[in-house]
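Residue numbers (my numbering), protein chains in the order written: chain B, 550 to 740; chain Y, 1058 to 1082.
We put the CB at the ideal spot given by N, CA and C, even for glycine.
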Amino acid sequence: SCPVAPASRSSQEVWESFSQCFTPAVKEVVEFAKSIPGFQTLSQHDQVMLLKSGTFQVLMVRFCSLFDPKERTVTFLNGQTYSLASLRALGMGSLLDAMFDFSEKLGSLGLEPDEMALFMAVVLVSADRSGIVEVGAVEQLQENLIRALRSLITSRRPDDSTLFPKLLLRLPDLRTLNNQHSDKLLAFRID
Amino acid sequence: PKTHRVMTLADHISHIITQDFARNQ
Chain B
550 SCPVAPASRS SQEVWESFSQ CFTPAVKEVV EFAKSIPGFQ TLSQHDQVML
600 LKSGTFQVLM VRFCSLFDPK ERTVTFLNGQ TYSLASLRAL GMGSLLDAMF
650 DFSEKLGSLG LEPDEMALFM AVVLVSADRS GIVEVGAVEQ LQENLIRALR
700 SLITSRRPDD STLFPKLLLR LPDLRTLNNQ HSDKLLAFRI D
Chain Y
1058 PKTHRVMTLA DHISHIITQD FARNQ
């Protein structure tokens, strides 16, 4: 629920409110991670490392529902809708373009909410391993979650063998989004 | 004058996660 700019506010103020949006969204990903069966059996260190490398990607999946690829608009939870052009003033044009493309591809798969949630769990445990200590434990958790996702999707669409592979193909897209855009700058006012 | 703290999205995310786990220790 992000109160991004009514026209009257400066782009700096827009930037601040946009930056503020991320804080609650990140906290929700942390809570989501703790609810993933098996996540809290990982070491605390590895939980933190996975969250640090995977949260941006999970957010990208979560934000997809805000994007309307046909209309090229973004509707925040408070109901405010913004065209891509108006949001370009935030200087996040390239990220927004990438988000529209990604949400179009993911949206076309027509996942149910529970399938999307399980996919987000897979996204998180598939994140970069560079800081992970017990790689085996993370790989085992990832394997379990992928198996659960596959059986959920194939049980609902027994005659569609393409959906699951298409879904897994979104993982590299998310990695690219992360590598290209997680260094975007946010600004916070300190009074 | 208003001062600003500027950080990358990745650093902001890391900061929140570190805070959360520190608080819940």
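Per DSSP, which residues does residue i bridge with? Please list them.
| i | result |
| --- | --- |
| residue 1068(Y) | Residue 1068(Y) pairs with nothing; no bridge assigned. |
| residue 622(B) | 617(B), 632(B) |
| residue 734(B) | 1065(Y) |
Would you mind telling me which residues of chain Y sit closer than 9 Å to residue i, beta carbon to beta carbon, in chain order?
| i | result |
| --- | --- |
| residue 612(B) | By Cβ distance, chain Y contributes nothing, its closest Cβ being about 12 Å from residue 612(B), past 9 Å. |
| residue 676(B) | Those do not exist, as residue 676(B) stays about 12 Å from chain Y at its closest Cβ, beyond 9 Å. |
Does residue i get closer than 9 Å to chain Y when you measure Cβ to Cβ?
| i | result |
| --- | --- |
| residue 715(B) | no |
| residue 651(B) | no |
| residue 732(B) | yes |
| residue 636(B) | no |
| residue 571(B) | yes |
| residue 604(B) | yes |
| residue 544(B) | Only positions 550 to 740 of chain B appear in the structure, and residue 544(B) is not among them; the question remains open. |
| residue 568(B) | yes |
| residue 672(B) | no |
Show which residues of chain Y have a CB atom less than 7 Å away from the CB atom of residue i.
| i | result |
| --- | --- |
| residue 654(B) | Ordered by position in chain Y, no residue passes the 7 Å Cβ test against residue 654(B), which lies about 22 Å from the chain. |
| residue 736(B) | 1061, 1063 |
| residue 600(B) | 1074 |
| residue 579(B) | 1074, 1077 |
Taking residue i as the query, report the chain Y residues whose CB atoms sit under 8 Å from its CB, ordered along the chain.
| i | result |
| --- | --- |
| residue 687(B) | What residue 687(B) touches in chain Y: nothing, since even the nearest Cβ is about 16 Å away. |
Counting pairs of Cβ atoms below 8 Å between the region 618-633 of chain B and the region 644-661 of chain B, do you hit three or more? yes
Would you check if the region 681-688 of chain B and the region 702-711 of chain B touch, i.e. whether three or more CB-CB distances between them fall below 8 Å? no
Positions along the region 585-597 of chain B whose CB lies within less than 7 Å of some CB in chain Y: 593, 597
With three or more beta-carbon pairs closer than 8 Å as the criterion, would you say the region 656-663 of chain B touches the region 575-586 of chain B? no
Validate contact between the region 721-739 of chain B and the region 1062-1076 of chain Y using beta carbons, cut 8 Å, 3 pairs: yes
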